[in-house]
Amino acid sequence: MIRGPVLEAHWRHTEFGAALKSFPLSSSPHRGRHYWVPTTQRLFGGQIVGQALVAAAKSVSEDIHVHSLHCYFVRAGDPKVPVLYQVERTRTGSSFSVRSVKAVQHGKPIFIFQASFQQTQPSPVQHQFSMPAVPPPEELLDHQALIDQYLRDPNLKEKYRVGLNRIAAQEVPIEIKLVNPPTLSQLQRMEPKQMFWVRARGYIGEGDIKMHCCVAAYISDYAFLGTALLPHQWKHKVHFMVSLDHSMWFHAPFRADHWMLYECESPWAGGSRGLVHGRLWRRDGVLAVSCAQEGVIRVKPRVSESKL
Numbered sequence: 001m002i003r004g005p006v007l008e009a010h011w012r013h014t015e016f017g018a019a020l021k022s023f024p025l026s027s028s029p030h031r032g033r034h035y036w037v038p039t040t041q042r043l044f045g046g047q048i049v050g051q052a053l054v055a056a057a058k059s060v061s062e063d064i065h066v067h068s069l070h071c072y073f074v075r076a077g078d079p080k081v082p083v084l085y086q087v088e089r090t091r092t093g094s095s096f097s098v099r100s101v102k103a104v105q106h107g108k109p110i111f112i113f114q115a116s117f118q119q120t121q122p123s124p125v126q127h128q129f130s131m132p133a134v135p136p137p138e139e140l141l142d143h144q145a146l147i148d149q150y151l152r153d154p155n156l157k158e159k160y161r162v163g164l165n166r167i168a169a170q171e172v173p174i175e176i177k178l179v180n181p182p183t184l185s186q187l188q189r190m191e192p193k194q195m196f197w198v199r200a201r202g203y204i205g206e207g208d209i210k211m212h213c214c215v216a217a218y219i220s221d222y223a224f225l226g227t228a229l230l231p232h233q234w235k236h237k238v239h240f241m242v243s244l245d246h247s248m249w250f251h252a253p254f255r256a257d258h259w260m261l262y263e264c265e266s267p268w269a270g271g272s273r274g275l276v277h278g279r280l281w282r283r284d285g286v287l288a289v290s291c292a293q294e295g296v297i298r299v300k301p302r303v304s305e306s307k308l
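Per full-length UniProt numbering, the sequence shown starts with residue 1, numbered consecutively.
This is the structure we're talking about:
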């Protein structure tokens, strides 16, 4: 068996940061373990993206930082075995460096990843969109409290009650506070848009920029593709939904253990695929990260309940 350092997929009590700093620069492949496995029993895509970025970041010098990454999910991940991350130093230039990473299980690639790193370069050419005006996270219900509120509604159908209890039982390593959560009556007329405040659970600390980018890569995949399903979920139930590709662009420094606003929208869905765009905003209005993803969405019609 190929041996390499162990990469933890979580960061509580700075474990993620410790794992990031533990790799010698020459070490490849890296071995990743799994912290949170979704109910689908497939590996969480954000975990694979985050671990691949950790492996790539350890192969470049401390003074350059990731500005973009692009990746494809080519096979389902097996949560019963570790993932091996093989890093290729594609190019090392004076301003930009490119690293390619292949994630392997059972001798076959499950994921292909490329990241570009850049030395900090000031420029007078700067602009960004404006952050949406939303309530601060302190004024919103956390994920568990929101689920409890839904469960207390006597009009909630039993099939939704079962699903909400299943979600509540999962131990997810990130905190979420939904902006303008829909009422039960609004679920049938939702747009393919959502916003929520998000941050990593626990304390990461100042660290270096690379560590927070790796955690943001993990966060960015959570509930992202589901945005494309929002207008359709009342009449269709998901039969199969997985990510095909994922891209991120890093614009400004941030802390992944501080609240950031995740603005998600789906401009298009069709052909059993959905496209989603996302922006991660710092609380001070700075656009920190942009994301895009396409995924497979296969659905079945919901069976109407008998009125007898």
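All C-beta atoms, glycine included, are put in the ideal place defined by N, C-alpha and C.
On the CB-based measure, 16 or more other CB atoms within 10 Å of its CB, does Thr227 come out buried or exposed? Position 227 of the sequence shown, counting from 1, holds the residue named residue 227. Buried, because 16 or more other Cβ atoms sit within 10 Å of the Cβ of Thr227.
Considering only the alpha carbon of each residue, which of Val238, Gly278 and Asp245 lies closest to Pro301? What you label residue 301 is simply residue 301 of the sequence shown in a count that begins at 1. Measuring from the Cα of Pro301, the nearest candidate turns out to be Val238.
Spatially closest choice to Gln118 from Ser97, Ser130 and Phe111, by CA coordinates: Here residue 118 corresponds to residue number 118 of the sequence shown, with the count starting at 1. With distances taken between Cα atoms, Gln118 lies closest to Ser97.
Any 3 or more C-beta pairs closer than 8 angstroms across the stretch 50 to 68 and the stretch 215 to 229: yes
Would you call Glu263 buried or exposed, if buried means 16 or more other Cβ atoms sit within 10 Å of its Cβ? Residue 263 sits at position 263 when you count from the first residue of the sequence shown. Per the 10 Å Cβ criterion, buried.
So, are the CB atoms of Ala57 and Val66 less than 8 angstroms apart? As a working note, residue 57 is residue 57 in the sequence shown. As a working note, residue 66 is residue 66 in the sequence shown. Their beta carbons are under 8 angstroms apart, which means Ala57 touches Val66 by this criterion.
For Tyr85, three-class secondary structure by DSSP: For the purposes of this step, residue 85 is taken as the residue at position 85 of the sequence shown. Of the three classes helix, strand and coil, the one that applies to Tyr85 here is strand, per DSSP.
Considering Cα atoms alone, identify which of Glu171, Asp245, Thr183 and Val289 is closest to Ile209. The residue you call residue 209 lines up with position 209 of the sequence shown. For the residues Glu171, Asp245, Thr183 and Val289, the minimum Cα distance to Ile209 belongs to Val289.
Could you tell me the distance, in whole angstroms, from the CA atom of Pro182 to the CA atom of Glu294? The count along the sequence shown starts at 1 and reaches residue 182 at position 182. The count along the sequence shown starts at 1 and reaches residue 294 at position 294. Whole-angstrom Cα-Cα distance: 25 angstroms.
Near Val296, which residues of its chain fall below 7 angstroms by C-beta distance, leaving aside the five closest residues on each side in sequence? Residue mapping note: residue 296 aligns to position 296 of the sequence shown, counting from 1. Closer than 7 angstroms at the Cβ level, and outside the excluded window around Val296, lie Phe240, Met241, Val242, Leu244, Ser272 and Arg273.
What is the rounded straight-line gap between the Cα of Gly93 and the Cα of Ser61? Counted from its first residue, the sequence shown places residue 93 at position 93. Counted from its first residue, the sequence shown places residue 61 at position 61. Straight-line Cα distance between these residues: approximately 11 angstroms.
Would you kindly report the start and end of the unbroken alpha helix (DSSP H) that includes Gln47? Here residue 47 refers to the residue found at position 47 when the sequence shown is read from its first residue. Run containing Gln47: Gly45 to Ala57, per the alpha helix (DSSP H) assignment.
Considering only residues of the same chain and omitting the five flanking positions on each side of Leu146, which have a CB-CB separation below 7 angstroms? Taking the first residue of the sequence shown as position 1, residue 146 is located at position 146. Result list for Leu146: Leu178 and Pro181, in chain order.
In angstroms, rounded to a whole number, what distance separates the CA positions of Ser26 and Val87? The count along the sequence shown starts at 1 and reaches residue 26 at position 26. The count along the sequence shown starts at 1 and reaches residue 87 at position 87. The predicted model places Ser26 with a pLDDT of 41, which falls under 50 and marks its position as unreliable; any figure quoted below should be read in that light. Distance between the alpha carbons of Ser26 and Val87 is about 10 angstroms.
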